[in-house]
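Asks: Provided herewith is a single structure, encoded as structure tokens, for subsequent inquiry.
Numbering (this note's numbering), first residue to last: 192 to 543.
Next comes the structure, spelled out in structure tokens:
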């Protein structure tokens with residue numbers, strides 16, 4: 192998904208699917224939370240979303256969170272590289288347009304400079320716009336592609352007649368939107384990594400006490416009633432009850448206060464907190480998705496996917512935003528042609 196319009200379209204398609212009770216699409220997290228009636232096949236949801244040009248896959252929470260963070264990190268690096276190269280070509284084209292002589296060589300130079308900007312840096316927008324067109328739809332990529340290509344192709348057509356060209360406009364559209372994509376990817380990455388950083392607080396392994404012998408296992412192999420050995424400096428693997436030992440535990444992960452809390456037999460401890468004092472024996476009480484840390488992660492994800500009333504209002508308008516802009520652009524082009532008659536001016540205003 193590249194814009195709010197994408198999220199709204201997917202939400203609408205899924206909500207109209209038979210057996211879907213509710214749906215909320217999270218643009219930043221690249222997820223769709225869908226509540227369905229029993230018997231609704233995941234494949235049918237995947238197929239419905241695929242028909243409008245998007246890909247949907249059943250969620251693997253642990254892998255998906257890491258994948259989303261990696262995806263936005265790579266997206267930020269890619270967009271930053273595209274922006275820097277696009278700016279390198281667009282800046283001299285803009286200077287030639289503003290301060291250079293109105294001569295054919297100047298127009299040709301501008302065209303040569305912005306060509307890689309429009310067709311390399313802007314390829315991402317053109318490809319996605321074409322995909323949307325094939326699915327008889329439009330989104331923000333459609334506007335970007337149409338605006339940049341209209342300015343470029345008109346300038347190319349008017350070049351032999353020595354008319355006013357708008358090559359620099361097509362280059363600036365792509366360059367500035369690409370810069371916006373850098374900031375967008377960074378913001379989405381930070382939002383997605385918030386949950387991942389919470390998960391990293393948890394311990395990956397635990398030491399179980401089995402028949403008097405210590406055994407190292409993965410945290411997902413712990414069951415309620417198992418007794419864990421927690422040494423000083425180790426994170427407590429899961430929520431539990433102290434059965435032996437005296438120590439202090441750093442619960443700042445949970446409370447925000449760095450002051451250690453004393454723990455003795457009978458006291459409850461929370462998974463992902465750090466044992467700072469002596470050796471503890473802890474009997475697991477809540478594991479997996481029932482732990483305090485898992486509950487915090489769940490609440491954060493719910494907060495990210497929930498929508499404020501103003502956002503729901505914005506979604507209503509964004510669903511028709513692209514069509515409205517296209518209609519207005521066409522209208523002003525026609526009006527300028529009728530009352531002014533200058534094609535160059537009409538194209539310039541329509542592109543704007």
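Positions of the beta carbon are idealized from the N, C-alpha and C atoms, including for glycine.
1. Could you pull the DSSP bridge partners for residue 454 from this structure?
2. Alpha carbon to alpha carbon, how far is residue 511 from residue 459? Give it in angstroms, no decimals.
3. Counting C-beta neighbours from all protein chains within 10 Å, is the total for residue 281 16 or more, i.e. buried, or is it exposed?
4. Out of 501, 424 and 319, state which residue places its alpha-carbon closest to the alpha-carbon of residue 440.
5. Helix, strand or coil: which one does DSSP assign to residue 475?
6. Using 8 Å as the Cβ pair cut-off and three pairs as the minimum, do the segment 225-236 and the segment 209-216 touch?
7. Can you name, in chain order, every residue of its own chain whose Cβ lies under 7 Å from the Cβ of residue 428, other than the five neighbours on each side?
8. For the beta strand (DSSP E) containing residue 409, list its first residue and its last residue.
9. Taking the beta strand (DSSP E) that residue 226 falls in, what are its first and last residues?
10. Residue 514 to residue 193, Cα distance in whole Å?
11. Cutting at 6 Å between CB atoms, please list the residues of its own chain near residue 341, excluding the five before and the five after it.
12. Am I right that residue 383 and residue 263 are in contact with their C-beta atoms under 8 Å? What's the rounded C-beta distance?
13. Just confirm the distance between the C-beta atoms of residue 472 and residue 430, as a whole number of angstroms; I'd bet it's less than 8 Å.
14. Measuring alpha carbon to alpha carbon, tell me which of 347, 478, 272 and 516 ends up nearest residue 333.
15. I want to know whether the segment 277-295 touches the segment 232-251 - three or more CB-CB distances under 8 Å.
16. So, do the segment 360-378 and the segment 270-285 have three or more beta carbon pairs nearer to each other than 8 Å?
17. On the DSSP bridge assignment, give the partners of residue 426 in chain order.
18. Between residue 475 and residue 447, what straight-line distance do the alpha-carbon atoms span, to the nearest angstrom?
19. Considering only their Cβ atoms, is the gap separating residue 358 from residue 315 smaller than 9 Å?
20. In angstroms with no decimal places, state the Cα-to-Cα distance between residue 143 and residue 538.
21. Give every residue of the same chain whose Cβ lies closer than 6 Å to the Cβ of residue 455, excluding the five residues on either side of it in the sequence, and list them in chain order.
Replies: Quick look at the numbers:
1. 438
2. 54 Å
3. buried
4. 424
5. strand
6. yes
7. 394, 397, 410, 413, 419 and 462
8. From DSSP, the beta strand (DSSP E) with residue 409 extends over 404-409.
9. Run containing residue 226: 222-227, per the beta strand (DSSP E) assignment.
10. Spanning the two alpha carbons is a distance of roughly 17 Å.
11. 542
12. Contact between residue 383 and residue 263 holds: CB atoms are separated by about 6 Å, below the 8 Å threshold.
13. Not really, about 15 Å apart at Cβ, beyond 8 Å.
14. 516
15. no
16. yes
17. Per the DSSP secondary-structure output, residue 426 pairs in a beta bridge with 465.
18. 24 Å
19. Not a contact, by the Cβ cut-off of 9 Å.
20. As displayed, the chain neither begins before 192 nor continues past 543, which places residue 143 out of reach and without an answer.
21. 437
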